[in-house]
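As structure tokens, the structure follows; a few thoughts come after it.
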Amino acid sequence: MQLKDIFIISKGTKVIFAITFTVSFLAVIFALFYYRSVNRSEDPRIKRARDLLAKYDRISGDIKSIEAFPLLDTAFNVLKVLPDYKSSFETGVIYNNKCSGLLMMALYDTAISEHEKSVLLDLSMKYCDSSITVYRRWITEWESLSPLNIRKRLVNYMKEDEPAFKGNNFKKILSRRIKTIVTAQVETPRRLSVSFSNKGIIYRHLMIPDSALAYYQQALSLWKDNRSAVSNLSILMNGDPIKPTLIESLFPPNKNNK
Numbered sequence: 016m017q018l019k020d021i022f023i024i025s026k027g028t029k030v031i032f033a034i035t036f037t038v039s040f041l042a043v044i045f046a047l048f049y050y051r052s053v054n055r056s057e058d059p060r061i062k063r064a065r066d067l068l069a070k071y072d073r074i075s076g077d078i079k080s081i082e083a084f085p086l087l088d089t090a091f092n093v094l095k096v097l098p099d100y101k102s103s104f105e106t107g108v109i110y111n112n113k114c115s116g117l118l119m120m121a122l123y124d125t126a127i128s129e130h131e132k133s134v135l136l137d138l139s140m141k142y143c144d145s146s147i148t149v150y151r152r153w154i155t156e157w158e159s160l161s162p163l164n165i166r167k168r169l170v171n172y173m174k175e176d177e178p179a180f181k182g183n184n185f186k187k188i189l190s191r192r193i194k195t196i197v198t199a200q201v202e203t204p205r206r207l208s209v210s211f212s213n214k215g216i217i218y219r220h221l222m223i224p225d226s227a228l229a230y231y232q233q234a235l236s237l238w239k240d241n242r243s244a245v246s247n248l249s250i251l252m253n254g255d256p257i258k259p260t261l262i263e264s265l266f267p268p269n270k271n272n273k
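Here our numbering is used: the first residue of the sequence shown is 16, the next is one more, and so on.
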């Protein structure tokens, strides 16, 4: 057998290559048009805030998250000047991100003193309480609304003739916001559950176990699959941390189920 014979491609293999290339090409084209459509339906008034929050999510997750807080502050400043966003669930997300960043630093930064840890826990509690206030208010105002009633409320704030919407498809932007709120009707109680479990963690490290227990229970009453609450409740009761099983890691609970 000569060297050139090794690289001979059969007709069947060529067909498979052609099909694979075509499918990949079509997938790229579909993704391109899909994400372009999504981006064009984004509310241009808060695009900068969305980008900043996405950037924060990419670089957060360790004890240095606090260094990225200016991203959250800028995003918050974008939202607070808009009547329809200044008390939206998005502001609750910002508060809870700060709570989580400070809490992580308090618990895992071995370079800080006990006094600094106490200060960080207190500050984390303040942001946690702010997120709880925002989420509760948002749930009261929005959770029970139908898409039609959401639209009726939004049009009081989102006006097609606003300069910010010039050159954009206002109907798509409004429709996208309605869908975001419908999704948030499911997700925000879970966000509130996360805030409750964070508050329970803070109380546990402040050596106030009764309050920690109460908040873990509140967290689980809203979202029984809140793994942080489940695990920390086990620790509080002198058990071991509970890690997700392999199956749970591969197939997490469906986020669309209420």
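Every residue gets a Cβ at the ideal spot worked out from N, C-alpha and C, and that includes glycine.
> Considering only C-alpha positions, which residue in the set A227, I74 and D124 is nearest to M140?
Replying inline: Checked all of A227, I74 and D124; the closest Cα to M140 is A227.
> CA-CA distance, L118 and L135?
Replying inline: Rounded to whole angstroms, L118 to L135 spans 7 Å at the Cα level.
> Whose C-alpha, out of F91, S102 and R73, is nearest the C-alpha of K62?
Replying inline: The closest CA to that of K62, considering only F91, S102 and R73, is found on F91.
>> With H, G and I counted as helix, E and B as strand and the rest as coil, what does DSSP make of S56?
In response: Residue state, collapsed to three classes: coil.
> Expressed to the nearest angstrom, what Euclidean distance is found between the alpha-carbon atoms of S264 and D176?
Replying inline: Reliability of the predicted coordinates at S264 is poor, the pLDDT of 49 falling under 50, and the value obtained from them is presented with this limitation in mind. Each residue's Cα considered, the two are about 47 Å apart.
> Between which two residues does the alpha helix (DSSP H) carrying K141 extend?
Replying inline: Counting along the chain, the unbroken alpha helix (DSSP H) around K141 starts and ends at E129 to W157.
> Nearest-angstrom Cα distance between D255 and S249?
Replying inline: Each residue's Cα considered, the two are about 6 Å apart.
>> S146 and G107 - do their beta-carbons sit closer together than 8 Å?
In response: Remark: C-beta atoms of G107 and S146 approach each other more closely than 8 Å.
>> Once DSSP output is grouped into helix, strand and coil, what is the label at F40?
In response: Because F40 carries a pLDDT of 48, less than 50, the predicted location of this residue cannot be relied on, and the following value inherits that uncertainty. F40: helix per DSSP, three-state reduction.
> Using the rule of at least 16 other Cβ atoms within 10 Å of the residue's Cβ for burial, across every protein chain shown, is M7 buried or exposed?
Replying inline: No answer is possible for residue 7: it lies beyond the span of the chain, which begins at 16 and ends at 273.
> Closest by CA to E158, which one among L68, R205, S246 and Q200?
Replying inline: Measuring from the Cα of E158, the nearest candidate turns out to be Q200.
> Alpha carbon to alpha carbon, how far is R166 from E129?
Replying inline: Using only the alpha carbons, I get a separation of about 50 Å.
> Mind pulling the beta strand (DSSP E) runs of 3 or more residues that sit fully within the region 233-263?
Replying inline: Complete beta strand (DSSP E) runs here, min 3: none at all.
>> To the nearest angstrom, how far is the alpha carbon of W238 from that of S102?
In response: So the alpha carbons of these two residues sit roughly 23 Å apart.
> To which residues of the same chain is K187 closer than 6 Å at the C-beta, ignoring the five residues directly before and after it?
Replying inline: S56, listed in sequence order.
> Which whole-angstrom value describes the C-beta separation of R219 and N247, a residue pair presumed to lie in contact below a C-beta threshold of 8 Å?
Replying inline: Under the criterion of beta carbons closer than 8 Å, R219 and N247 qualify as touching, at roughly 7 Å.
> Helix, strand or coil: how does DSSP classify M173 here?
Replying inline: Secondary structure at M173: coil, using DSSP grouped into helix, strand and coil.
> Which residues in the same chain have their Cβ closer than 6 Å to the Cβ of S243, if we skip the five residues on either side of it in sequence?
Replying inline: Once the five neighbours on either side are set aside, the close Cβ partners of S243 are S212.
>> Within a Cβ cutoff of 8 Å, which residues of the same chain sit near P59, ignoring the five residues on either side of it in sequence?
In response: A179, F180, N183 and I188, listed in sequence order.
>> Taking its Cβ as the centre, do 16 or more other Cβ atoms sit within 10 Å of V96, making it buried, or is it exposed?
In response: V96 counts as exposed, since fewer than 16 other beta carbons sit within 10 angstroms of its beta carbon.
> What's the call for L68, buried or exposed, on a 16-neighbour Cβ count within 10 Å?
Replying inline: L68 is buried by the Cβ-count criterion.
> So T125 is in the alpha helix (DSSP H); what residue range does that whole segment cover?
Replying inline: For T125, there is no enclosing alpha helix (DSSP H), as DSSP marks it with neither H nor E.
> Taking Cβ positions, are R152 and L169 nearer each other than 8 Å?
Replying inline: Cβ atoms of R152 and L169: not closer than 8 Å.
> R206 and N112: beta carbons closer than 8 Å?
Replying inline: In this structure, N112 does not lie closer than 8 Å to R206 by Cβ.
>> So, under 8 Å CB-CB, E120 and I74 are touching, yes? Tell me the CB distance rounded to an integer number of Å.
In response: Before going further, note that residue 120 is Met rather than Glu in the sequence given. No, M120 and I74 are not in contact; Cβ-Cβ is about 15 Å, not under 8 Å.
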